[in-house]
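In our numbering, the protein residues as written are 1037 to 1238.
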Amino acid sequence: MLVLDELAVPGNAPLLLWLASQAGHFDPILLHASSALFDPRLFPLHAAACAWLRSRQHRPAALSAAAGGWRDLLYCLFCFTLAIGLVGAAKVLVQAPRPALLLAEVVPQLAAGDPYSFPSGHAAAAAALACLLWARAGSVARAVLVLLLAWVMAMRCIAGLHFPLDVATGAALSCVACAAAARLRDRFVPRHVRGSVLPPTR
């Protein structure tokens, strides 16, 4: 097991305390919505949603829509599985306690899905969605994706369930997982097959 002292990370605890102090300014529905929508245990649904959204922007291809759709769904599912798997492995390896166990001032606003704080699975799920949709998104859609990811990350801290380091690491691990999945796809999937899962060339 690796030892991580989150209180020793510069700015980690003060930023969390400030964010957690803002909980009273937000409708509890927002906290519950971010928690429910990006629950990492729902990653198969997230993958399906990503595949559907990607297909809405996909240019016509030689492959049938059905075949391309299934390949894209499998690719999105692989990305989410890898991202959530990395986060789960890190949680077990580090076993960092939730903020409330380290800081008496932090009062959790939501129930945690597991006892470990580092890294954040919710942030990883939101980041995976952003990564998968980024290449095909326009400037407005990309701004929405960034704001959505920032919203989920902030809400996890405001809810008192994660330190800022947790959500940042969860998002970063997810981006690494998606990049690794893309590299594996490019290496092992024939070009004529992966045409359905690649973003269109700009």
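Glycine included, every Cβ here is placed at the ideal spot set by N, Cα and C.
- Annotated three-state conformation of Pro-1226 is coil, per DSSP.
- The DSSP-derived three-state label of Pro-1133 is strand.
- Within the DSSP bridge table, the entry for Tyr-1152 names Pro-1133 as partners.
- Rounded to whole angstroms, the gap between the alpha carbons of Leu-1038 and Ala-1126 is 9 Å.
- Membership of Ala-1069 in the alpha helix (DSSP H) is indicated by the continuous run 1064-1073.
- Straight-line spacing of the CA atoms in Ala-1119 and Pro-1144 works out to 25 Å.
- Proximity to Tyr-1111 across Arg-1090, Leu-1066 and Gln-1131 peaks at Arg-1090, based on C-alpha coordinates.
- For Ser-1175, the enclosing alpha helix (DSSP H) stretches over residues 1175-1194.
- Note on Ala-1195: 16 or more other CB atoms within 10 angstroms of its CB, so buried under the neighbour-count rule.
- Counting C-beta pairs with one atom in each stretch, the stretch 1172-1191 and the stretch 1150-1163 have three or more that are closer than 8 Å, which means they touch.
- Its Cα nearest to that of Leu-1053, the residue Leu-1197 stands out among Leu-1168, Ser-1210, Leu-1197 and Asp-1222.
- Segment contact: the stretch 1148-1156 against the stretch 1126-1140, three or more CB-CB distances shorter than 8 Å; contact assigned.
- In this structure, Cys-1115 and Ala-1208 do not form a Cβ contact; the two beta carbons are roughly 15 Å apart against a cut-off of 8 Å.
- For Asp-1041, the three-state secondary structure derived from DSSP is coil.
- In the three-state scheme derived from DSSP, where H, G and I count as helix and E and B as strand, Pro-1050 is classed as helix.
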